[in-house]
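Everything below concerns the one structure shown next.
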Amino acid sequence: MVRFLPFLISLALSVYALFSCIQTPDEDVPHLPKLVWILLIVFVPFVGPIVWLLMLRTQPGRRDRAVRPPKPSSPPVAPDDDPDFLKSLDRYRDPRTTVKPPQDPAQPPKDPQPESSQDDEPEPKPQDENTSSESDDGKT
62 MVRFLPFLIS
72 LALSVYALFS
82 CIQTPDEDVP
92 HLPKLVWILL
102 IVFVPFVGPI
112 VWLLMLRTQP
122 GRRDRAVRPP
132 KPSSPPVAPD
142 DDPDFLKSLD
152 RYRDPRTTVK
162 PPQDPAQPPK
172 DPQPESSQDD
182 EPEPKPQDEN
192 TSSESDDGKT
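According to my numbering, the sequence shown holds residues 62 to 201 in order.
Right, dumping it as C-alpha coordinates:
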(Lines of atoms letter the chains of each structure in order from A; the text may use other names.)
(Lines give C-alpha, C1' and ligand atoms only; values in the text may rest on other atoms or scores of the structure.)
Protein backbone atom coordinates (compact mmCIF):
# COMPACT_ATOMS: atom_id res chain seq x y z
CA MET A 62 0.00 0.00 0.00
CA VAL A 63 2.83 2.40 0.83
CA ARG A 64 4.34 2.02 -2.64
CA PHE A 65 1.07 3.30 -4.22
CA LEU A 66 0.94 6.38 -2.01
CA PRO A 67 3.17 8.65 -4.20
CA PHE A 68 1.08 7.73 -7.25
CA LEU A 69 -2.19 8.50 -5.43
CA ILE A 70 -0.86 11.82 -4.12
CA SER A 71 0.33 12.80 -7.61
CA LEU A 72 -3.00 11.80 -9.14
CA ALA A 73 -5.06 13.73 -6.58
CA LEU A 74 -2.83 16.79 -6.89
CA SER A 75 -2.98 16.66 -10.70
CA VAL A 76 -6.77 16.31 -10.77
CA TYR A 77 -7.22 19.21 -8.34
CA ALA A 78 -4.83 21.46 -10.24
CA LEU A 79 -6.37 20.51 -13.60
CA PHE A 80 -9.89 21.41 -12.46
CA SER A 81 -8.58 24.62 -10.91
CA CYS A 82 -6.84 25.56 -14.16
CA ILE A 83 -9.87 24.78 -16.32
CA GLN A 84 -12.22 26.81 -14.11
CA THR A 85 -9.92 29.85 -13.95
CA PRO A 86 -10.94 32.63 -16.39
CA ASP A 87 -8.44 33.25 -19.19
CA GLU A 88 -7.54 36.73 -17.94
CA ASP A 89 -6.62 35.36 -14.48
CA VAL A 90 -4.18 32.66 -15.71
CA PRO A 91 -0.66 33.68 -14.60
CA HIS A 92 2.28 34.08 -17.05
CA LEU A 93 1.46 31.33 -19.61
CA PRO A 94 -1.56 30.51 -21.79
CA LYS A 95 -4.12 28.17 -20.24
CA LEU A 96 -3.37 25.36 -22.72
CA VAL A 97 0.32 25.35 -21.74
CA TRP A 98 -0.62 25.14 -18.06
CA ILE A 99 -2.96 22.21 -18.75
CA LEU A 100 -0.19 20.37 -20.62
CA LEU A 101 2.28 21.03 -17.77
CA ILE A 102 -0.18 19.78 -15.17
CA VAL A 103 -0.95 16.59 -17.11
CA PHE A 104 2.51 15.62 -18.40
CA VAL A 105 4.82 16.77 -15.57
CA PRO A 106 3.74 14.94 -12.39
CA PHE A 107 4.20 16.66 -9.02
CA VAL A 108 6.03 19.68 -10.46
CA GLY A 109 3.33 20.89 -12.88
CA PRO A 110 0.44 20.92 -10.36
CA ILE A 111 2.57 22.37 -7.56
CA VAL A 112 3.90 25.20 -9.76
CA TRP A 113 0.34 25.97 -10.97
CA LEU A 114 -1.01 26.20 -7.42
CA LEU A 115 1.93 28.33 -6.23
CA MET A 116 1.70 30.73 -9.18
CA LEU A 117 -2.04 31.05 -8.75
CA ARG A 118 -1.67 31.82 -5.06
CA THR A 119 1.06 34.45 -5.52
CA GLN A 120 -0.77 36.29 -8.29
CA PRO A 121 -1.43 39.84 -6.99
CA GLY A 122 -4.88 41.41 -7.04
CA ARG A 123 -6.74 38.16 -7.61
CA ARG A 124 -8.87 38.48 -4.49
CA ASP A 125 -9.60 42.16 -5.09
CA ARG A 126 -11.48 41.33 -8.29
CA ALA A 127 -14.15 39.29 -6.54
CA VAL A 128 -17.61 40.11 -7.83
CA ARG A 129 -19.71 41.74 -5.17
CA PRO A 130 -23.43 42.20 -5.61
CA PRO A 131 -24.55 45.82 -5.73
CA LYS A 132 -26.20 47.17 -2.62
CA PRO A 133 -29.94 47.64 -3.02
CA SER A 134 -31.10 51.25 -3.16
CA SER A 135 -34.09 50.59 -0.90
CA PRO A 136 -34.51 48.11 1.92
CA PRO A 137 -36.35 44.90 1.04
CA VAL A 138 -40.06 44.77 1.78
CA ALA A 139 -41.37 41.99 3.98
CA PRO A 140 -44.05 39.81 2.34
CA ASP A 141 -46.73 40.81 4.82
CA ASP A 142 -46.09 44.49 3.96
CA ASP A 143 -46.08 44.02 0.18
CA PRO A 144 -49.55 44.80 -1.28
CA ASP A 145 -48.83 42.93 -4.53
CA PHE A 146 -47.97 39.78 -2.59
CA LEU A 147 -51.08 40.08 -0.44
CA LYS A 148 -53.28 40.45 -3.54
CA SER A 149 -51.74 37.31 -5.03
CA LEU A 150 -52.87 35.36 -1.95
CA ASP A 151 -56.56 36.07 -2.60
CA ARG A 152 -56.80 33.24 -5.11
CA TYR A 153 -55.77 30.74 -2.40
CA ARG A 154 -58.35 31.84 0.16
CA ASP A 155 -61.21 29.54 0.95
CA PRO A 156 -64.46 31.44 0.38
CA ARG A 157 -66.17 29.43 3.15
CA THR A 158 -63.78 30.72 5.83
CA THR A 159 -63.35 34.27 4.61
CA VAL A 160 -65.11 36.90 6.68
CA LYS A 161 -67.19 39.09 4.39
CA PRO A 162 -67.91 42.72 5.21
CA PRO A 163 -71.55 43.50 6.08
CA GLN A 164 -73.68 44.58 3.13
CA ASP A 165 -75.59 47.82 2.93
CA PRO A 166 -79.24 47.13 3.94
CA ALA A 167 -80.48 49.37 1.10
CA GLN A 168 -79.07 46.96 -1.51
CA PRO A 169 -80.66 43.57 -2.09
CA PRO A 170 -78.42 40.59 -1.20
CA LYS A 171 -76.68 38.91 -4.11
CA ASP A 172 -76.96 35.20 -4.78
CA PRO A 173 -73.75 33.42 -3.80
CA GLN A 174 -71.91 32.04 -6.83
CA PRO A 175 -69.62 29.03 -6.35
CA GLU A 176 -66.10 29.73 -7.61
CA SER A 177 -65.31 26.25 -8.87
CA SER A 178 -67.21 23.41 -10.45
CA GLN A 179 -65.99 20.99 -7.79
CA ASP A 180 -68.53 22.38 -5.32
CA ASP A 181 -71.43 21.56 -7.69
CA GLU A 182 -71.41 17.84 -6.82
CA PRO A 183 -74.51 16.81 -4.85
CA GLU A 184 -73.93 15.65 -1.31
CA PRO A 185 -74.77 12.00 -0.59
CA LYS A 186 -78.06 11.51 1.25
CA PRO A 187 -77.86 9.91 4.70
CA GLN A 188 -79.31 6.44 4.94
CA ASP A 189 -82.42 5.81 7.02
CA GLU A 190 -82.06 3.65 10.08
CA ASN A 191 -84.76 1.30 8.77
CA THR A 192 -83.09 0.80 5.43
CA SER A 193 -79.93 -1.24 5.52
CA SER A 194 -77.45 -1.56 2.77
CA GLU A 195 -76.93 -5.24 3.49
CA SER A 196 -79.13 -7.70 1.69
CA ASP A 197 -81.47 -9.91 3.69
CA ASP A 198 -80.87 -13.63 3.25
CA GLY A 199 -84.47 -14.40 4.10
CA LYS A 200 -83.51 -15.37 7.62
CA THR A 201 -85.89 -13.90 10.18
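Even for Gly, the Cβ is constructed at its ideal location relative to N, Cα and C.
Euclidean distance between Cα positions of residue i and residue j
i, j, result
"residue 146", "residue 140", "6 angstroms"
"residue 114", "residue 95", "13 angstroms"
"residue 160", "residue 144", "19 angstroms"
"residue 158", "residue 137", "31 angstroms"
"residue 100", "residue 149", "56 angstroms"
"residue 46", "residue 87", "Not covered by the structure: residue 46. The range shown for the chain is 62 to 201."
"residue 117", "residue 62", "32 angstroms"
"residue 68", "residue 75", "10 angstroms"
"residue 152", "residue 78", "54 angstroms"
Outcome for residue i when other beta-carbon atoms lying within 10 angstroms are tallied against a minimum of 16
i, result
"residue 90", "buried"
"residue 83", "exposed"
"residue 163", "exposed"
"residue 156", "exposed"
Residue i in three-state terms, based on DSSP
i, result
"residue 107", "coil"
"residue 86", "coil"
"residue 81", "helix"
"residue 158", "coil"
"residue 138", "coil"
Check: residue i C-beta below 7 angstroms from any heavy atom of the ligand COA
i, result
"residue 109", "Summarising the ligand content, the structure contains no ligands, and the ligand COA is consequently not present."
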